[in-house]
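Colleague:
Protein chains: 2
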Amino acid sequence: MGAISLSDVQKVRTTVDIYGQQYVILGTESPSHVRLVASMVDEKMREISSKNPSLDTSKLAVLTAVNAVNDYIKIKDQLERLESELKRVKD
Amino acid sequence: MGAISLSDVQKVRTTVDIYGQQYVILGTESPSHVRLVASMVDEKMREISSKNPSLDTSKLAVLTAVNAVNDYIKIKDQLERLESELKRVKD
Chain A
1 MGAISLSDVQ KVRTTVDIYG QQYVILGTES PSHVRLVASM VDEKMREISS KNPSLDTSKL
61 AVLTAVNAVN DYIKIKDQLE RLESELKRVK D
Chain B
1 MGAISLSDVQ KVRTTVDIYG QQYVILGTES PSHVRLVASM VDEKMREISS KNPSLDTSKL
61 AVLTAVNAVN DYIKIKDQLE RLESELKRVK D
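Line by line, the protein sequences are chains A and B. The first sequence begins at 1 in the numbering used here and counts up one residue at a time. The second sequence begins at 1 in the numbering used here and counts up one residue at a time.
1. Roughly how many angstroms lie between the CA atoms of Lys87 (chain A) and Lys11 (chain B), to the nearest whole one?
2. For a contact defined as C-beta to C-beta under 7 angstroms, what are the partners of Val69 (chain A) on chain B?
3. Hey, which unbroken runs of the beta strand (DSSP E) at 3 residues or more fall wholly within the stretch 3-76 of chain B?
4. Kindly confirm or deny that the stretch 14-24 of chain B and the stretch 69-79 of chain A touch, where touching means at least three C-beta pairs closer than 8 angstroms.
5. Name, please, each residue of chain B whose Cβ falls closer than 9 angstroms to the Cβ of Ile73 (chain A).
6. Can you have a look at Asn67 (chain A) and say buried or exposed, based on whether 16 or more other CB atoms are within 10 angstroms of its CB?
7. Given 8 angstroms as the limit, is there contact between the stretch 30-38 of chain A and the stretch 20-36 of chain B, that is, 3 or more CB pairs closer than that?
8. Which residues in chain A sit within 7 angstroms of Ser58 (chain B), going by Cβ to Cβ distance?
9. Between which residues of its own chain and Arg46 (chain B) is the CB-CB distance below 8 angstroms, once the five residues before and five after are set aside?
10. Could you tell me the distance, in whole angstroms, from the CA atom of Glu85 (chain A) to the CA atom of Val41 (chain A)?
11. Is Lys11 (chain A) close to chain B, meaning its C-beta is less than 8 angstroms from at least one C-beta of that chain?
Okay, here's the thing in C-alpha cells:
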C-alpha cells in the first residue's frame, strides 16, 4: 500500500472545457471555482478572437494571459493603496 | 489625409517577446508596463512548462491564462473584503 501524503488528499481534479479543448485542472480549489475561472478564460479568448480573427489558439491564449496579468497588476495596485488608507484611518 | 481620432492617438504600440514569440501589444498602457506584464506571462509559462514538459505551447498558454485569472479573482475578493472593512472603520 502506497503512502498518501496530505497534499495528495487535498488535490482536486476538475475537468473543464476552454475554447473547445478539454483540460484537467489539478489543484486545491473547488470544482465550482475552477469552472468559473475556466469560463472567464474561455469568454476572454472568444472576445479577443472576435476582434482578431486571424490569431491562432496559442497566440490567442498568450494574449488572454497578458490581459489577465494586466488586470491582476491593476487590482493589486488598488489593493495596496487601500491597505495604506486603512492603516492611516486605523492609526 | 486621413482623420486621426483621439483613440488612435492614445494607442501605444509595444513589441514584446513571450515564450520565444514576438507580440505587438496595442493599448493605452506605457511600454514599460506592457513589458512588465509580458515578462510575468513569460515567466509563468516557463514555470508551468518546467512542471509539465509534455504540454504544447497552446495548452501551456491556456493554463497560464487560467492561473492568471485565478490570481485575479483571489485578489479581487481580497480587495472587496478590504473595501467593506474600510467602509466599516470609516462609518
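Beta carbons: idealized from backbone N, C-alpha and C, even for Gly. Here the structure is a predicted model, which is why all the values come from computation and not from measurement.
Modeller: Put simply:
1. Looking up residue 87 (chain A) in the first sequence gives position 87. Looking up residue 11 (chain B) in the second sequence gives position 11. Those two C-alpha atoms are separated by around 37 angstroms.
2. The residue given as residue 69 (chain A) occupies position 69 in the first sequence. Result: Val37, Met40, Val41, Ala68.
3. 12-18, 21-27
4. With the cut-off at 8 angstroms, the stretch 14-24 of chain B and the stretch 69-79 of chain A do not touch.
5. Position 73 of the first sequence holds residue 73 (chain A). Residues of chain B passing the Cβ test: His33, Leu36, Val37, Met40.
6. Along the first sequence, read from residue 1 onward, the residue named residue 67 (chain A) stands at position 67. The residue in question, Asn67 (chain A), is buried, as its Cβ has 16 or more Cβ neighbours within 10 Å.
7. no
8. Working through the second sequence from its first residue, we reach residue 58 (chain B) at position 58. Neighbours of Ser58 (chain B) across chain A, judged by C-beta separation under 7 angstroms: Thr57, Ser58, Ala61.
9. Within the second sequence, the letter at position 46 stands for residue 46 (chain B). The beta carbon of Arg46 (chain B) sits closer than 8 angstroms to those of Tyr19, all from its chain and outside the five residues before and after it, given in chain order.
10. Start at 1 with the first residue of the first sequence, and residue 85 (chain A) comes out as number 85. Start at 1 with the first residue of the first sequence, and residue 41 (chain A) comes out as number 41. Answer to the nearest angstrom: the Cα atoms are 32 angstroms apart.
11. Taking the first sequence and counting its residues from 1, one reaches residue 11 (chain A) at position 11. Not closer than 8 angstroms to any Cβ of chain B, the Cβ of Lys11 (chain A) fails to qualify, so no.
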